[in-house]
Ligand code: 5RP
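Residue numbers (this note's numbering): 60 to 282.
This is the structure in structure tokens:
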């Protein structure tokens, strides 16, 4: 089974989960990345069930609208039943590293509003300890060098994501060389650095359900 076939399989499983668990007319949050893109393509089949969606990036908004799926401003939404998104790494406690696609801040905002966070990924993303995938940190441009120095003090090696600007007009520092044994603590610590907008650790608000594509089928892990 190729990685794309696994992404396709988990996207289908997530669509079925939404079809069963999101009440008719409910609001769905939609993530960003290649796995989320497979999910968006599957979602078209059940779009009549959705009251609307909230997109975690401009790219996701464009893809949803391309399928004729209604996209709402988060400020017009009081409640969101389910948020479906991928991850770059996920540990056994369902904490995640996200932001490989640079959409971490909007993803974290949508995740905060959602009642249930469903993470979809292939088996390569499930790890005992996170940190092999560089941790993305979104920073205000004028604070880039200061934040990089502060991140260095935490034991990581920050590298500017060259030629990349987030949907919010900010920069990304990818922090290499971390071994993340206490994700919630590190998430809070990095967010305290002045000039940091968000970091890609989703531990304080991790996933509630992981749908994991493996060569033997899609496995479920509940928080
Ligand atoms: C984007 C993300 C994505 O969810 C993450 O990068 C996974 O992407 P993919 O499904 O392409 O592996 O956090 O900011």
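Glycine included, each C-beta is placed from N, C-alpha and C at the ideal position. The structure displayed is predicted, hence computed values, not measured ones.
Check: In terms of DSSP beta bridges, what is residue 218 paired with?
Finding: Reading the chain shown from its first residue, position 159 is the one you call residue 218. For residue 218, which the question treats as bridged, DSSP gives the partners 233.
Notebook entry, point to check: For residue 127, which option in 193, 139, 101 and 138 has the closest C-alpha, if you only look at C-alpha atoms?
Noted result: In the chain shown, the residue the question calls residue 127 occupies position 68. Measuring from the Cα of residue 127, the nearest candidate turns out to be 101.
Checklist line | Host alpha helix (DSSP H) of residue 65 (start-end) | finding: Taking the first residue of the chain shown as 1, we reach residue 65 at position 6. For residue 65, the enclosing alpha helix (DSSP H) starts and ends at 62–80.
Note to self: Given the structure, does residue 265 come close to ligand 1, in the sense that its CB is under 8 Å from one of the ligand's heavy atoms?
What the structure shows: If you number the chain shown from 1, residue 265 lands on position 206. No, since every heavy atom of ligand 1 falls outside the 8 Å radius drawn around the Cβ of residue 265.
Item checked: residue 191 in three-state terms, based on DSSP -> In the chain shown, residue 191 corresponds to position 132, counting from 1. The three-state secondary structure of residue 191, taken from DSSP, is coil.
Notebook entry, point to check: In chain order, what residues of the same chain lie with their CB nearer than 8 Å to the CB of residue 288, ignoring the 5 residues before and after it?
Noted result: Residue 288 cannot be examined here, being either before or after the span of the chain that is shown, 60 to 282.
Next item on the list: State the Cα-Cα distance for the pair residue 12 and residue 220, rounded to the nearest angstrom.
Entry: Lying before the first or after the last residue shown, residue 12 is absent from the chain, which here runs from 60 to 282.
Notebook entry, point to check: Is it the case that the CB of residue 166 approaches a heavy atom of ligand 1 more closely than 8 Å?
Noted result: Residue 166 sits at position 107 when you count from the first residue of the chain shown. It does: the Cβ of residue 166 is within 8 Å (strictly closer) of some heavy atom of ligand 1.
Check: Going by alpha carbons, who is nearest to residue 202 out of 65, 125, 240 and 255?
Finding: Indexing the chain shown from 1 puts residue 202 at position 143. Looking at the Cα atoms, 255 is the closest of the given residues.
Checklist line | Same chain only: Cβ atoms within 6 Å of residue 115, ignoring 5 sequence neighbours per side | finding: By one-based count along the chain shown, residue 115 stands at place 56. Excluding positions up to five away in sequence, the list reads 90, 91, 162, 165, 166 and 169.
Next item on the list: Could you pull the start and end residues of the alpha helix (DSSP H) that residue 163 belongs to?
Entry: By 1-based counting over the chain shown, the position of residue 163 is 104. Unbroken alpha helix (DSSP H) run through residue 163: 163–172.
Note to self: Tell me the rounded alpha-carbon separation between residue 261 and residue 140.
What the structure shows: Residue numbering aside, residue 261 sits at position 202 when the chain shown is read from its first letter. Residue numbering aside, residue 140 sits at position 81 when the chain shown is read from its first letter. Approximately 18 Å between the Cα atoms of the pair.
Checklist line | Backbone CA spacing between residue 133 and residue 178 [nearest angstrom] | finding: Here residue 133 refers to the residue found at position 74 when the chain shown is read from its first residue. Here residue 178 refers to the residue found at position 119 when the chain shown is read from its first residue. Here the alpha carbon of residue 133 sits roughly 20 Å from the alpha carbon of residue 178.
Notebook entry, point to check: Counting Cβ pairs, one atom from each stretch, are 3 or more of them under 8 Å apart for the stretch 226–242 and the stretch 180–189?
Noted result: As far as the Cβ criterion goes, the stretch 226–242 touches the stretch 180–189, which means the pair count is three or higher.
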